[in-house]
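To keep things clear, I will list the structure first and then write my remarks on it.
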Amino acid sequence: GKWCVEGVEAVRSEGVCGAKSKNIVEVRKVLPDWIKTPSSAVIPFGAMERCLDDGANRDIAADLEKVVAALGAAGEGASPEALAHARELVMQLNAPRGLREEVESVLAAGKMGKGSSWEGMWEAVK
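Okay, so the sequence shown: first residue is 610 according to my numbering, each after it adds one.
Okay, here's the thing in structure tokens:
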């Protein structure tokens, strides 16, 4: 699967993106030409799981699995600290091979992300 897809392409493919992305593309079709909407890029469904499966994230994924299991067992009694720990683990994830290149390629093709650092983009993805 792909790591990043241009917004319109994502909408054409079933199961790639959610309603928000689809709605943005549909709104563009009915707006007058003088109203401009930004281009968009989509990180498809399943990308998080693929990222966690990457060898570079093996230890983080194992820790996150334990935290998520504990959160599930705690139900509504889960502590804010445990949720914060899960978020911290996600923010430690490393970009799998090919993800950066694909994101940068899709953004460049859509004239998006100019002046943005990879670190900032990766943080936004996570």
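In this text, a Cβ means the ideal position worked out from N, Cα and C, and glycines have one as well.
Being a predicted model, the structure only gives us computed values, none of them experimental.
Kindly confirm or deny that the segment 655-670 and the segment 701-708 touch, where touching means at least three C-beta pairs closer than 8 Å. yes
CA-CA distance, Glu-685 and Ile-669?
Locating residue 685 in the sequence shown gives position 76, where the first residue counts as 1. Locating residue 669 in the sequence shown gives position 60, where the first residue counts as 1. About 24 Å.
Inter-residue CB distance, Val-651 and Gly-610 (contact presumed, cutoff 8 Å):
Here residue 651 refers to the residue found at position 42 of the sequence shown. Here residue 610 refers to the residue found at position 1 of the sequence shown. So it is not a contact: roughly 12 Å between Cβ atoms.
Have a look at Met-721 and Cys-613 and give me their C-alpha separation to the nearest angstrom.
-> For the purposes of this step, residue 721 is taken as residue 112 along the sequence shown, with counting starting at 1. For the purposes of this step, residue 613 is taken as residue 4 along the sequence shown, with counting starting at 1. Between Met-721 and Cys-613, the C-alpha separation is close to 13 Å.
Checklist entry - Whose C-beta lies closer than 6 Å to the C-beta of Ala-695 among residues of the same chain, with five residues either side of it excluded? => result Locating residue 695 in the sequence shown gives position 86, where the first residue counts as 1. Counting only Cβ-Cβ distances below 6 Å, and skipping sequence neighbours, we find Val-676.
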